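*Asks:*
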Amino acid sequence: MQPVKPPRSNSMLPPDPVYTLKSDMGYIQHMNFFQGGTSQLLAATEKGLVYFWDLNTNRASCKKKMGEGILAIHSYDDKIITQEKSGIVKLWSVESDQSINSYECCGGHCKSITVGDTLVLPQEHGVDLVNKKTFEKTKTLLSNKENLGHVMALEKMEFESNTYILAGYESGDVILWDATEGKTCGDCKFQEHLTTLTFDSPMGRGVCAGASNAMQVFSIDDSFNISVKCEVSLPSEGCNIVKVRPDRQVMVSGCWDGKIRIYSWKTLRTLAVLTEHNAFITDIQFSPDKVSFWGANIMAASGSDGVISLWDLYNH
Numbered sequence: 001m002q003p004v005k006p007p008r009s010n011s012m013l014p015p016d017p018v019y020t021l022k023s024d025m026g027y028i029q030h031m032n033f034f035q036g037g038t039s040q041l042l043a044a045t046e047k048g049l050v051y052f053w054d055l056n057t058n059r060a061s062c063k064k065k066m067g068e069g070i071l072a073i074h075s076y077d078d079k080i081i082t083q084e085k086s087g088i089v090k091l092w093s094v095e096s097d098q099s100i101n102s103y104e105c106c107g108g109h110c111k112s113i114t115v116g117d118t119l120v121l122p123q124e125h126g127v128d129l130v131n132k133k134t135f136e137k138t139k140t141l142l143s144n145k146e147n148l149g150h151v152m153a154l155e156k157m158e159f160e161s162n163t164y165i166l167a168g169y170e171s172g173d174v175i176l177w178d179a180t181e182g183k184t185c186g187d188c189k190f191q192e193h194l195t196t197l198t199f200d201s202p203m204g205r206g207v208c209a210g211a212s213n214a215m216q217v218f219s220i221d222d223s224f225n226i227s228v229k230c231e232v233s234l235p236s237e238g239c240n241i242v243k244v245r246p247d248r249q250v251m252v253s254g255c256w257d258g259k260i261r262i263y264s265w266k267t268l269r270t271l272a273v274l275t276e277h278n279a280f281i282t283d284i285q286f287s288p289d290k291v292s293f294w295g296a297n298i299m300a301a302s303g304s305d306g307v308i309s310l311w312d313l314y315n316h
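Counting with the UniProt record's numbering, you get residues 1 to 316 for the letters of the sequence shown.
1. May I ask you to report which of helix, strand or coil DSSP gives Gly258?
2. Just to confirm my understanding: we take Val18, look at its own chain, exclude 5 residues before and 5 after, and list those with CB closer than 6 Å. What are they?
3. Excluding the 5 residues preceding and the 5 following residue 389 in the sequence, name in chain order all residues of the same chain whose CB lies nearer than 6 Å to its CB.
4. Just to confirm my understanding: we take Glu276, look at its own chain, exclude 5 residues before and 5 after, and list those with CB closer than 7 Å. What are they?
5. For Gln35, I'd like the list of residues in its chain whose CB is within less than 6 Å of its CB, leaving aside the five on either flank, ordered along the chain.
6. Going by C-alpha distance, which of Lys259, Thr267, Gly69, Thr45 is nearest Lys63?
7. What number of angstroms, rounded off, separates the C-alpha of Leu55 from the C-alpha of Ser223?
8. Roughly how many angstroms lie between the CA atoms of Arg205 and Val307, to the nearest whole one?
9. Does the stretch 139-148 come close enough to the stretch 86-100 that 3 or more CB-CB pairs lie under 8 Å?
10. According to DSSP, is Gly67 part of a helix, a strand, or is it coil?
11. Please report the residue range of the beta strand (DSSP E) in which Thr282 lies.
12. Once DSSP output is grouped into helix, strand and coil, what is the label at Gly168?
13. Nearest CA to the CA of Asn131: which residue from Ile81, Gly107, Lys111?
14. Where do the N-terminal and C-terminal ends of the beta strand (DSSP E) with Asp187 fall, by residue?
15. Which residues in the same chain have their Cβ closer than 7 Å to the Cβ of Gly126, if we skip the five residues on either side of it in sequence?
16. Would you please state the rounded distance, in angstroms, between the beta carbons of Ala279 and Gly258? I believe it to be under 8 Å.
17. In chain order, what residues of the same chain have a beta carbon less than 7 Å from the beta carbon of Ser23, not counting five sequence neighbours either side?
18. Give the straight-line distance between the Cα atoms of Glu237 and Thr196, rounded to the nearest whole angstrom.
19. Would you mind sorting Gly116 into buried or exposed? The rule is 16 or more other CB atoms within 10 Å of its CB.
20. Between Glu95 and Asp78, how many whole angstroms is the CB-CB distance? I'm expecting something under 8 Å.
21. Quick one: give me the first and last residue of the beta strand (DSSP E) that Asn30 is part of.
22. Fully enclosed by the stretch 186-224, which alpha helix (DSSP H) runs are 4 residues long or longer?
23. Give the straight-line distance between the Cα atoms of Ser39 and Trp53, rounded to the nearest whole angstrom.
24. Looking at Cys185 and Trp177, is the spacing between their C-beta atoms short of 9 Å?
25. Going by the CB atoms, is the gap between Phe159 and Val174 shorter than 9 Å?
26. Helix, strand or coil for Gly36, going by three-state DSSP, please let me know.
27. Helix or strand or just coil, what does DSSP make of Tyr314?
28. I'd like the list of long-range same chain contacts for Ile284, defined as Cβ closer than 6 Å, with 5 residues on each side in sequence excluded.
29. Just mark Gly172 as buried or exposed, buried being the case when its beta carbon has 16 or more other beta carbons within 10 Å.
30. Taking 8 Å as the limit between beta carbons, can you name the residues of its chain near Thr180, skipping five residues before and five after?
31. Mapping the DSSP letters down to three states, classify Thr82 as helix, strand or coil.
32. Could you please give the first and the last residue of the uninterrupted beta strand (DSSP E) stretch that includes Leu233?
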C-alpha cells in the first residue's frame, strides 16, 4: 500500500451554490430525490420530520412527522421508507400519511440502501435483504469472522449482471457477499471506525473513510480479491460520506469540518473545496436527471447546520 500522501492539488476557485434551502429543519440526516425524479427533494431530520422541498420553487411544500430520529429515507411510487436510529423501519403511504408496514433492524448509525426492489438493512451480526414493497425478508447475509462490531456502512457492487453487497464494520473489516447466493465472496481489513464507503462497479474501484484523516482507495478484481491501493489524506479528521458522481468523473467527500471536497475520480487530485456549511456534512445526493428550474443536474449536500446546499458542478 502506498503511504498516506495528499495528491497534488489542481484546484480552482470553488463555485458558489446555486441555492441554499433553509428552514427550521435542524440536524438533517439523509436526503432522497422523491420517486427517483427531480422535482422534489426529501430531507429526513433528527426530529423525525420529513421536509418536502419543491425544486421548481425552492420552497418547502410541506413537512410531515414520520417517526423519531430518522436516519435514512427512500421512496418509490407514492411510498416512503424511513429508517429510525432506534432500528424501526416504516413504510408510509404519502397519500394517507399513514404507516402501513414496519420492520426492525439494528439501531445505530448505519444507513440502509436500496438495490432495485430490495431494501438492505444492518443487523447486529450481518445484513438483512428485505423486499421494499412487502417488507418480507428474503435473505440474511452473515460472516463467520468474529469481533466485527456493528455494521457502519453499506454499498452495492454489480459484476457480470449479478448484485453484491459490501458492508463496512466498526472493526474496519469490509465483507463482500453475493446477494443472490447469500455467500461471502471476499473481505479486507481497512481502518477502524468506518463511517462510509462507495464503489464504482465499472471501474472496480471504491473508497472508504471514517474517523481518521485518510480515505482509503481500494479495488475488487474478477476473483473478488479486495485490496487497498492508496490513501488520500484529509486536512482534518472525520468523513461522513463519500460518493462517486454518476458520470464517474468526480468523487466527493463530505467531512466533519463542514467542507465538501471534490476530487478527480481518475487522478484523485483535488479540484475544489466547497465551504458553504459551518458544521459537518451529513449526506450528499446527485439528481438522477436535470432539475428543470436550473437546467442542470444538481448535487445536494446537507449538514448538521440544518442547511441544504444545491450545486451545479457539471458546468464548472
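The beta carbon of each residue, even a glycine, is placed where N, CA and C say it ideally should be. Computed from a predicted structure; not experimentally measured.
*Replies:* Let me lay it out:
1. Here Gly258 sits in coil by DSSP.
2. Excluding sequence neighbours, Val18 sits near Trp294, Leu310, Asp312.
3. Outside the shown range of the chain, which is 1 to 316, sits residue 389, and nothing can be said about it.
4. Within the same chain, Glu276 has close Cβ partners Pro17, Thr20, Ser309.
5. Counting only Cβ-Cβ distances below 6 Å, and skipping sequence neighbours, we find Ser75.
6. Here the closest residue by C-alpha is Thr45.
7. Within the model, the alpha-carbon separation for Leu55 versus Ser223 is close to 44 Å.
8. Approximately 31 Å between the Cα atoms of the pair.
9. No, the stretch 86-100 is not in contact with the stretch 139-148.
10. If DSSP states are grouped into helix, strand and coil, Gly67 belongs with coil.
11. Per DSSP, Thr282 belongs to the beta strand (DSSP E) from 281-286.
12. When secondary structure is reduced to three states using DSSP, Gly168 falls in the strand class.
13. Comparing alpha carbon positions, the residue from Ile81, Gly107, Lys111 closest to Asn131 is Ile81.
14. Where Asp187 is concerned, the enclosing beta strand (DSSP E) stretches over 183-189.
15. The answer, listed in chain order, is Thr140, Leu141, Leu142, Ser143.
16. At roughly 5 Å, the Cβ-Cβ gap stays under 8 Å, so Ala279 and Gly258 are in contact.
17. The answer, listed in chain order, is Tyr51, Ala60.
18. Cα-Cα distance, rounded: 14 Å.
19. Exposed.
20. Correct: roughly 6 Å between the Cβ atoms.
21. The question names Asn, yet the displayed sequence has His at residue 30. 28-33 is the extent of the beta strand (DSSP E) around His30.
22. You should have found no qualifying run.
23. Rounded to whole angstroms, Ser39 to Trp53 spans 8 Å at the Cα level.
24. Annotated as proximal: Trp177 and Cys185, with beta-carbon spacing under 9 Å.
25. No, Cβ-Cβ distance for Val174 and Phe159 is not below 9 Å.
26. Three-state result, Gly36: helix.
27. DSSP, reduced to helix, strand and coil, places Tyr314 outside both helices and strands of the structure shown, so it counts as coil.
28. Sequence-distant partners of Ile284 (beyond 5 residues in either direction) whose C-beta falls short of 6 Å from its own C-beta, in its chain, are Ile241, Lys243, Val252, Gly254, Ala301.
29. Note on Gly172: 16 or more other CB atoms within 10 angstroms of its CB, so buried under the neighbour-count rule.
30. Here the set comprises Asn162, Thr163.
31. If DSSP states are grouped into helix, strand and coil, Thr82 belongs with the strands.
32. First, the amino acid is wrong: residue 233 is Ser here, not Leu. Here the beta strand (DSSP E) through Ser233 covers 226-233.
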